[in-house]
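Asks:
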């Protein structure tokens, strides 16, 4: 028996933020990031709409990129003091993910973070509050997913929290908000969305409900990502919808080792973070080459090649050309093709090799690895990460 879970309501299109005026409740806490939503006027619009609905409103601001456990606990403390019956998160993946985790510790303050990080192990939420998610970026799709990614900076590890309880009650997909994204963020979030869709389609947990969502997302992204990057707002709107479709797919079909590797390399290097979407873009072609040794995955990658109009004489050639197409897209978006070239050599070779065994071990233990079509050994994961670092073809 399988399960397919989505938000109860998804509002989308121009002025969909105005649906906040219809919420019934007493108090709402609004969780937001560093200030872009305030500068663009969207935060005020959210607060005004909630107040028009009759809700007393409080702000939790300045959620950092890659939110920390400390931020989550501080937000949960504010929630316990304010006692909202609605949690409204607006912004990129970081404030929405942080708000989801805050929700857990608001309703269950005695829960340990280590227990919350066990996949699909949360107690029943909605005992105190319901959740609204309003994305400002077109990539994470956390507004429709059962996931939240929180960083433990002491360990240098990102933890994906996973539980259907975390699926928001309401998602508001207003394309006007996505128009504020700068080109680099557009590129990174767009490649994150593409990775979500491809990994969901080849996941061992894919099903008849997730497959069409994943494939439609790939189709829209193929047609619109590069134009969105160059500022074409009609394509920016389509990307905002495509990432949501990809999120619906992967929230139910789960993901694979592209995300496992991105989670475990994102915060581990001393000179800075590898941005999640850029990591996915770099790793995806190498993981496709690795997974294509699995016959079922090979066939499904060929299906994606068919969708994209790639001509080939064998399924193996289809995979090769699919990887070339993905890397050509990354190049068009000014994303490097290997870790060694990321941010002008931000990750030194000696540090990478020193940390490689632990990164590989942690990536294998990541929750996303379970649904990958080919399960890597420690040796294989280390070799795969080396291919991502040096830009070498995966032939094992």
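In the working numbering, the protein residues as written are 1382 to 1777.
Heads up, the beta-carbon is just placed ideally off N, CA and C, and yes, glycines get one too.
Fair warning: this is a prediction, and the values are worked out from it, not measured in the lab.
(1) Could you pull out every unbroken alpha helix (DSSP H) segment of at least 4 residues lying fully inside the segment 1549-1602, listed in chain order?
(2) Can you grab the Cα-Cα spacing for the pair residue 1586 / residue 1435, in whole Å?
(3) Out of 1761, 1741, 1751 and 1757, which has the shortest C-alpha to C-alpha gap to residue 1538?
(4) Rounded to the nearest angstrom, what separates residue 1451 and residue 1467 at their Cα positions?
(5) Is it buried or exposed, residue 1611, if we count other Cβ atoms within 10 angstroms and call 16 or more buried?
(6) Go ahead and pull the three-state DSSP assignment for residue 1543.
(7) Hey, could you find the ends of the alpha helix (DSSP H) residue 1669 is sitting in?
(8) Would you decide whether residue 1655 is buried or exposed? Buried here means 16 or more other CB atoms lie within 10 Å of its CB.
(9) Looking at C-beta atoms only, is the number of pairs between the segment 1590-1606 and the segment 1549-1564 that lie closer than 8 Å three or more?
(10) I need the DSSP call for residue 1393, collapsed to helix, strand or coil.
(11) For the beta strand (DSSP E) that contains residue 1437, what are its first and last residues?
(12) Look at the Cβ atom of residue 1518, then the Cβ atom of residue 1570, and state whether they are nearer than 7 Å.
(13) Could you pull out every residue in the same chain whose Cβ sits closer than 8 Å to the Cβ of residue 1437, ignoring the five residues on either side in sequence?
(14) Alpha helix (DSSP H) containing residue 1731: first to last residue?
(15) Over what stretch of residues does the beta strand (DSSP E) that includes residue 1512 continue unbroken?
(16) What is the residue span of the alpha helix (DSSP H) that residue 1528 lies within?
(17) Is it a yes or a no for the segment 1634-1643 touching the segment 1661-1669, going by three-plus beta-carbon pairs under 8 Å?
(18) Taking the CB atoms as reference points, tell me whether residue 1673 and residue 1660 lie closer together than 7 Å.
(19) Spatial neighbours of residue 1534 within its chain, please: C-beta separation below 6 Å, excluding the five flanking residues on both sides.
(20) Which term fits residue 1651, buried or exposed, when burial requires 16 or more other beta carbons within 10 angstroms of its beta carbon?
(21) According to DSSP, residue 1449 sits in a beta bridge with which residue or residues?
(22) Taking the beta carbon of residue 1382 as the centre, do at least 16 other beta carbons fall within 10 Å, making it buried, or is it exposed?
(23) May I have the straight-line CA-CA distance separating residue 1734 from residue 1510, to the nearest angstrom?
(24) Within its chain, find whatever has a CB closer than 6 Å to the CB of residue 1540; leave out the 5 residues flanking it on each side and keep chain order.
(25) How far does the alpha helix (DSSP H) with residue 1628 in it reach, from first residue to last?
(26) Candidates 1424, 1453, 1447 and 1754: which alpha carbon is nearest residue 1439's?
(27) Let's test the definition: count the other Cβ atoms within 10 Å of the Cβ of residue 1777 and tell me whether it reaches 16, buried, or not, exposed.
(28) Would you report the Cα separation of residue 1649 and residue 1536, rounded to the nearest angstrom?
(29) Looking at the unbroken alpha helix (DSSP H) that takes in residue 1427, where does it start and where does it end?
(30) Is the CB-CB distance between residue 1597 and residue 1626 below 7 Å?
(31) Can residue 1514 and residue 1528 be called in contact, C-beta distance under 7 Å?
(32) Does DSSP put residue 1405 in a helix, a strand or coil?
(33) Does the structure place the segment 1689-1708 close enough to the segment 1606-1621 that three or more beta carbon pairs sit under 8 Å?
(34) Which residue marks the beginning of the beta strand (DSSP E) containing residue 1470, and which one marks its end?
Replies: Put simply:
(1) Counting only runs of 4 or more, we get 1556-1559 and 1564-1583.
(2) 42 Å
(3) When only C-alpha atoms are compared, the closest one is 1741.
(4) 22 Å
(5) exposed
(6) strand
(7) 1657-1672
(8) buried
(9) no
(10) strand
(11) 1437-1441
(12) yes
(13) 1407, 1408 and 1409
(14) 1730-1746
(15) 1511-1516
(16) Careful: residue 1528 lies outside any alpha helix (DSSP H), inside the beta strand (DSSP E) at 1528-1533.
(17) yes
(18) With a cutoff of 7 Å on beta-carbon distance, residue 1673 and residue 1660 are scored as not near each other.
(19) 1449
(20) In this structure residue 1651 is exposed. Its beta-carbon is surrounded by fewer than 16 other beta-carbon atoms within 10 angstroms.
(21) 1532
(22) exposed
(23) 46 Å
(24) 1498 and 1531
(25) 1614-1634 is the extent of the alpha helix (DSSP H) around residue 1628.
(26) Here the closest residue by C-alpha is 1424.
(27) exposed
(28) Their backbone Cα atoms lie some 8 Å apart in a straight line.
(29) 1423-1433 is the extent of the alpha helix (DSSP H) around residue 1427.
(30) yes
(31) Using a Cβ distance threshold of 7 Å, residue 1514 and residue 1528 do not count as a contacting pair.
(32) coil
(33) no
(34) Following the DSSP letters along the chain, one finds residue 1470 inside the beta strand (DSSP E) bounded by residues 1467-1472.
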